[in-house]
Amino acid sequence: KKIAARRRQGGRWDTRTTWSMFLTGTGSGVAQGRSTMVPPGPRILTRREMEVLRLVATGETDRGIADTLYVSRRTISSHVSNILAKLDVPSRRAAVVTAARIGLL
């Protein structure tokens, strides 16, 4: 809705803003719990996945992230796998680059 309103006013949204709003659920019915059409591309990252992504961006290992968040290394490995799948990237480094490019980091 925010994007449509902005367009009606003659404004434009850059890709970073659009994807950031989509991934965080702001500006859409998702944030308000309404059903909406979901555009193709990455799905929304959970709050925990965002925490993990921020720690991945610092260069922390799965073990280090697990110790920081008081969970198992296997749980972190699962979160990282989910992040890679949702951002459609092959590596942790690509996830950080993509997340920064679309405004998540």
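Those letters in the sequence shown? Residues 111 to 215, by my numbering.
Idealized CB from N, CA, C, for every residue including glycine.
DSSP, read as helix, strand or coil, puts Leu165 in helix.
Per DSSP, reduced to three states, the secondary structure at Glu170 is coil, with no helix or strand assignment. Judged by beta-carbon spacing, Val206 lies within the 9 Å limit of Leu163, meaning their Cβ atoms are closer than that value. For a cut-off of 8 Å, the C-beta gap from His189 to Glu170 is around 12 Å, too long to register as a contact. Around the C-beta of Ala204, fewer than 16 other C-beta atoms lie within 10 Å, and the residue is accordingly described as exposed.
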